[in-house]
Every structure is written in C-alpha cells, then in structure tokens.
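Student: Numbering-wise (the numbering used here), the sequence shown opens with residue 374 and increments by one.
One structure, as structure tokens, below. Some questions next.
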Amino acid sequence: MKTIKYTYSLLISLVFLLFFASCKDDLSSLDTNKLSDIKVDTVGQSTLSVFQFDELVLDPKILGIGPNDQLTYEWTINLEPWSTEYITIGTEKKLTYEVGFVPTNLDRLHQIVLKIKDEKSGVTYIQDWPLMIRNGIGEGLVIVETYDNQNTDLSHIMSPLVTPDFNQEKIRTKIYSAANGTTIPGLVNSMIYTKLGSNNVLLGGTSNAIFAIKTLDYSLGDQNEKLFYAPQDSYGPEKLVNFVQNEIMIHKGKLYANWLQISKFGLPFPNNYNIPTILGINNRYDYPNISLNFYSEEKGHFAYQYSFATYGDRGMRPVPAATVPFNPNDLPNKQNIAAGISNQGEFIHILKDKSTQKYGLYILSAGGYDSENWVPTPSVPKKFMDLSNAPEIDQAIKFLILDNQQVILYATKTKIYAIMYSALNPAYGLRYTVSSGEEITALSVYLQADYPMVNRENFSRNGKQLILGTYNGTEGKVHVLPLINEGVANIDQANIKTYNGFGKILFTITQL
374 MKTIKYTYSL LISLVFLLFF ASCKDDLSSL DTNKLSDIKV DTVGQSTLSV FQFDELVLDP
434 KILGIGPNDQ LTYEWTINLE PWSTEYITIG TEKKLTYEVG FVPTNLDRLH QIVLKIKDEK
494 SGVTYIQDWP LMIRNGIGEG LVIVETYDNQ NTDLSHIMSP LVTPDFNQEK IRTKIYSAAN
554 GTTIPGLVNS MIYTKLGSNN VLLGGTSNAI FAIKTLDYSL GDQNEKLFYA PQDSYGPEKL
614 VNFVQNEIMI HKGKLYANWL QISKFGLPFP NNYNIPTILG INNRYDYPNI SLNFYSEEKG
674 HFAYQYSFAT YGDRGMRPVP AATVPFNPND LPNKQNIAAG ISNQGEFIHI LKDKSTQKYG
734 LYILSAGGYD SENWVPTPSV PKKFMDLSNA PEIDQAIKFL ILDNQQVILY ATKTKIYAIM
794 YSALNPAYGL RYTVSSGEEI TALSVYLQAD YPMVNRENFS RNGKQLILGT YNGTEGKVHV
854 LPLINEGVAN IDQANIKTYN GFGKILFTIT QL
C-alpha cells in the first residue's frame, strides 16, 4: 500500500514540474543575461575617477570575442548619483567623454554602464563601474565670454603662467554651461572672486541680475533677492569690487559695501553723489587712510570717503580746494575715462574735457593721518599732465593703470600704447599690435584674486604680465603678454603665450 501511495505522489510531482516547465519563458536571449564567452577585463578598474571637465577615456579589454561576432557598443551614465535616468555618451568600443557633472561625494557616485550587444543573437553583455568626479578647478584665469552676443559662458585656464606651483596646462571651455545645462542669461559686465558664507564663489552681474557661482563645481548658487536682506526694486550691479572684509557694489549710482562672508547686502551709503563706475578704491590689506576717491561729473569736483567699515567714517566729501597743480574742488565739465591706484596709495585719474576733447592725467595723494587728533586727512593734488599728444587716445577702448610703475597702458581695437608719466612731461610708445583680422576685446593686468588685500608673499607674476583677449569674428583668443623693462612697460614679444578656442571674450578675472 505504501508503494502505491509513493508512486502516486511521484507521478503528481512530475505532472506539476512539467506544467511549470512548459510555462517558463526562455530567458536565454534577454539583455540582462551575460554571454558565456565574452567578458570585460576590469582588473584595476573597480572604481573610476576623473576630474570635473576632464576627459574620461576608457578602452576596456574585451575577452572572448570570436572572429565572426557582430558586436555593437553603448556607453551610458546616469544624470545624478543613484538616479535611474541615463544618457548615452558613446557608441564606440573606446569611450572619450568630457565629464561636466558636478563633483561627487564619496557615498554618492555616478554609474558608467557599457552594453555590448551581439547583433546576431540579440544577447547583451552589461558591465558597470562607479564613477567618482573630483573637483579639478583651482587657481587660474576665468574667461568671461559670449558666443551669441546675448548670453555668457565661462571658461578656465590653469597654467604655470597664472597658477602658482603648477607645472601643467589645463584649458577647460564652456564650464558654466557644462555644469548647469545653460548659459548665463545676458552679458556679464562685472565679476569678482570672493567668499559667500563658507563657499568660495564668483560674484557676477548682468544688467538685471546679480548671482554667485560656486567655484567648487561652477554650479549656480544664490542670486538676486537671496543676496540682500530685503527685496530690491531691481538687481544688476554696474560694478563689483573687492575690498578688505567687504564686497563693493555700484548700482544705479549708489554704493553698497557689505562683508558677504557673514552678511548680505543692505542699504546703500547715504550721500548726495551719483557714484560712477570709474573710480579709485584702495583695497590694500593695511587699511589705508582714504578708501575711495572719484570724480563727480555732476558736481565737477573730486570726492573721497575715508572708510567702508561700520565703525569708520563713511561720509563722502569733496576734496578740499587747492591752487596747484590743479584745483580738485573746482574742475567742471569733465568726463571720467579711467581711474586706478598706485601701490603707494595715490589716486590716478584720466579725465576728458567735454568742450575741448582734451585728455588730462590727474594724480592725488593717498591722504595722511593727523596723529595728534587721531583722524585721517584728505588727499591733496600732486600732478597734472596734458595727454593731448597721446597717439590715438581718442580711439582707446581699454585703459590700464599699472600700480607698480608709473605707466598707463591703453588699447585701441588693434594696438596697445604706453604713457610714461614719471618725468616732467609724458612720453608715449607703441607696445603691441594684434595680428591682421583680430580685434582687442579685453585687456587686464594679471593680479591674483586676493592681491593686494592679503599680506603674504604673492605670485612672482603679479603685475608683470598682461592678459589680452582678441576676436576674429569666429574665435576668441587669450594672450599672456609678459611685461619687461620696468618704467616703460615693454612687452616681451618672444615669450607671448596664446590660448585658442574661446568665444568673444568680454573680460578675464582670476580665482584662487
């Protein structure tokens, strides 16, 4: 009887097994199955690592490929760490891909997936790698550029010429749009490197917006109302300037000064002046006697401000009258052309007479200090020079006032000239002519982003090279022009370095 029952149970079990076997799908050709004879050699590649904006190059060794195999390849990456949404980044066996995603945390990595498909059988082999993206942007040159004359992108150069203790060259183009998926709306007119809270940022502005870009990954940070204590009627600074423990903003003729590392922009300084964007700000680390000096076109005189600090004298006053070499208190009908500071704290201005169209150089002292009454004293006029004979000065589009030598450089669309003003009368000289078909769009003196606000040993190239931007209608170029022969500012033509592949360069700044 037991034998009959056992035989009956066995027959029932076999029937069920046959039933399920007949219902089971054939999974041998689904994409998730690995081919038995194809394998990707991943020795030494358990986790991939790449710097942001560098190229990720992968050419894996494929084992087990037969002579008649018809294989296709697809490389994909997820849009965010842990995301299930992927994009295709390559269709060849060898992957070359510029990684624009933001740097990752150690516990949140991207995933790179390689799919190898046998077109004969339809079978797909899948191999994946975790991808760590590291911050690869350090001290160097920020290129502010446009490709359509309407919107702005940013590129970046690291090189021994602009990056201390660095022996490579890394040129990364369009890094802002790569990190954010879009360009900056409008044309950026001003930008500084500074600190916003705990983040190092590029603080920039267009005609209707102010924004911060985090230099860790070039992603967009706070903007507009988030940078102010209270909403404003409009945003968009005309000028941004660094100062010791302050960021200076000029907006609609008003001056704002706040330390954004611990605060936001508040109210502008109360005054009766329409503050120009062409002004002299002494931002040395040792807290100068006079912080601000400018020419008021409306009032026809020079004005100054002692301090930007909340505990200092922040009133704006006219520079007292004098007789020689000029009267800073009565100088009507002039137009601001250029302004700057010498490393001795002198305020240097170029003004144009609106009636005669003549250009003049006006130099005022750094101000003094009354130790008996413990108060600073105003600037006094030191020098005036007629610049009427400066070649093509009426065609100038850029002016540079060098702080380490008594030289002013100015550029037309195709040439750079020098004004030497150390003697009784000015001297002039042609310093550089761009190549045929090129036009000058940007010109600056190379200075590290915290110079001269921090008292430390600075990079030896500070103030000793020019950063020139040119454009030929289709491509922008950055030229590093070494300055030689202090006092005359000649350009070392044999050692000029040029970088290609940019848009139309609006201006350049430095970041740390």
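We put the CB at the ideal spot given by N, CA and C, even for glycine.
(1) List the endpoints of the continuous beta strand (DSSP E) containing Tyr498.
(2) Based on the DSSP secondary-structure assignment, which residues constitute the bridge partners of Ser592?
(3) Alpha carbon to alpha carbon, how far is Thr464 from Leu390? Give it in angstroms, no decimals.
(4) Out of curiosity, what's the CA-to-CA distance linking Ser382 and Gly495?
(5) Return the CA-CA distance between Ala769 and Tyr805, expressed in angstroms with no decimal places.
(6) Can you tell me whether Glu620 is helix, strand or coil according to DSSP?
(7) Whose C-alpha, out of Tyr742, Lys877, Ile460 and Gly609, is nearest the C-alpha of Gly846?
(8) If I'm right that Phe720 touches Asn666 with Cβ under 8 Å, what's the distance once you round it to whole angstroms?
(9) Starting from Ala815, follow the beta strand (DSSP E) in both directions and report where the run begins and ends.
(10) Keeping to the same chain, check which residues put their C-beta closer than 6 Å to that of Phe424; ignore five residues upstream and five downstream.
(11) Does the Cβ-Cβ distance between Tyr790 and Leu773 come in under 8 Å?
(12) So what's Ser422 in DSSP terms, helix, strand or just coil?
(13) For Asn553, which residues from the same chain have a beta carbon less than 7 Å from its beta carbon, with the 5 sequence-adjacent residues on both sides left out?
(14) Quick test of the definition: if touching needs 3 or more C-beta pairs under 8 Å, does the region 650 to 669 touch the region 612 to 624?
(15) Compute the Euclidean distance between the alpha carbons of Leu854 and Trp502, then round it to the nearest angstrom.
(16) Is Lys490 helix, strand or coil when you go by DSSP?
(17) Quick check on DSSP: helix, strand or coil for Glu848?
(18) On a Cα-Cα basis, can you pick out the residue from Val748, Ala711, Thr750 and Gly741 that is closest to Tyr735?
(19) Give the DSSP-derived three-state secondary structure of Gln866 in the structure shown.
(20) Alpha helix (DSSP H) containing Tyr549: first to last residue?
(21) For the pair the region 518 to 534 and the region 481 to 492, tell me if three or more CB-CB distances fall below 8 Å.
(22) Quick one: what does DSSP say Leu482 is sitting in, helix, strand or coil?
(23) With a threshold of 8 Å on Cβ separation, who are the neighbours of Ala695 within its own chain once the five nearest residues in sequence on each side are excluded?
(24) Assign Asn478 to one of two classes, buried (16 or more other C-beta atoms within 10 Å of its C-beta) or exposed (fewer than that).
(25) For Glu447, report the span of its beta strand (DSSP E) as first-last.
(26) CB-CB under 6 Å to Asn716, same chain, minus the five flanking residues each way: which ones, in chain order?
(27) With H, G and I counted as helix, E and B as strand and the rest as coil, what does DSSP make of Lys612?
Tutor: So, to answer that:
(1) Indexing the sequence shown from 1 puts residue 498 at position 125. Looking at the DSSP string, the run of the beta strand (DSSP E) that includes Tyr498 is Thr497 to Arg507.
(2) Locating residue 592 in the sequence shown gives position 219, where the first residue counts as 1. Per DSSP, Lys587.
(3) Reading the sequence shown from its first residue, position 17 is the one you call residue 390. Reading the sequence shown from its first residue, position 91 is the one you call residue 464. Any answer about Leu390 is weak, because its pLDDT of 42 lies below 50 and its placement is not dependable; what the coordinates show is given next. One C-alpha to the other measures close to 44 Å.
(4) Here residue 382 refers to the residue found at position 9 when the sequence shown is read from its first residue. Here residue 495 refers to the residue found at position 122 when the sequence shown is read from its first residue. The predicted model places Ser382 with a pLDDT of 45, which falls under 50 and marks its position as unreliable; any figure quoted below should be read in that light. Cα-Cα distance, rounded: 42 Å.
(5) Stepping through the sequence shown from its first residue, residue 769 is reached at position 396. Stepping through the sequence shown from its first residue, residue 805 is reached at position 432. Answer to the nearest angstrom: the Cα atoms are 14 Å apart.
(6) Against the sequence shown, residue 620 aligns to sequence position 247. In the structure shown, Glu620 sits in a strand (DSSP, three-state: E or B).
(7) As a working note, residue 846 is residue 473 in the sequence shown. It is Lys877 whose Cα lies nearest to the Cα of Gly846.
(8) Position 347 of the sequence shown, counting from 1, holds the residue named residue 720. Position 293 of the sequence shown, counting from 1, holds the residue named residue 666. Contact flag correct, Cβ pair sits at about 4 Å.
(9) Locating residue 815 in the sequence shown gives position 442, counting from the first residue. Segment Glu812 to Val818, the beta strand (DSSP E) holding Ala815.
(10) Locating residue 424 in the sequence shown gives position 51, counting from the first residue. Cβ neighbours of Phe424 beyond the five flanking positions: Arg507 and Gly509.
(11) Locating residue 790 in the sequence shown gives position 417, counting from the first residue. Locating residue 773 in the sequence shown gives position 400, counting from the first residue. Contact flag unset, no.
(12) Here residue 422 refers to the residue found at position 49 of the sequence shown. Note: Ser422 maps to strand in three-state DSSP.
(13) Here residue 553 refers to the residue found at position 180 of the sequence shown. Correct list, in chain order: Ser592 and Leu593.
(14) yes
(15) Reading the sequence shown from its first residue, position 481 is the one you call residue 854. Reading the sequence shown from its first residue, position 129 is the one you call residue 502. So the alpha carbons of these two residues sit roughly 44 Å apart.
(16) Position 117 of the sequence shown, counted from the first residue, corresponds to residue 490. Three-state DSSP puts Lys490 in a strand.
(17) Against the sequence shown, residue 848 aligns to sequence position 475. In the structure shown, Glu848 sits in coil (DSSP, three-state: anything other than H, G, I, E or B).
(18) Stepping through the sequence shown from its first residue, residue 735 is reached at position 362. Residue Ala711 is the option with its Cα nearest to Tyr735.
(19) The residue labelled residue 866 in the question sits at position 493 within the sequence shown. In the structure shown, Gln866 sits in a helix (DSSP, three-state: H, G or I).
(20) Translated into the one-based positions of the sequence shown, residue 549 becomes position 176. Tyr549 -> alpha helix (DSSP H) spans Ile548 to Asn553.
(21) no
(22) What you label residue 482 is simply residue 109 of the sequence shown in a count that begins at 1. Leu482: coil per DSSP, three-state reduction.
(23) Walking along the sequence shown from the start, residue 695 turns up at place 322. Once the five neighbours on either side are set aside, the close Cβ partners of Ala695 are Pro701, Asn702, Val753 and Pro754.
(24) Position 105 of the sequence shown holds residue 478. So Asn478 ends up on the exposed side.
(25) As a working mapping, residue 447 is identified with position 74 in the sequence shown. It spans Leu444 to Asn451 - the beta strand (DSSP E) in which Glu447 sits, taken as one unbroken run.
(26) The residue given as residue 716 occupies position 343 in the sequence shown. Same-chain partners within the cutoff: Asp776 and Asn777.
(27) Here residue 612 is taken as the residue at index 239 of the sequence shown, counted from 1. Three-state DSSP puts Lys612 in a strand.
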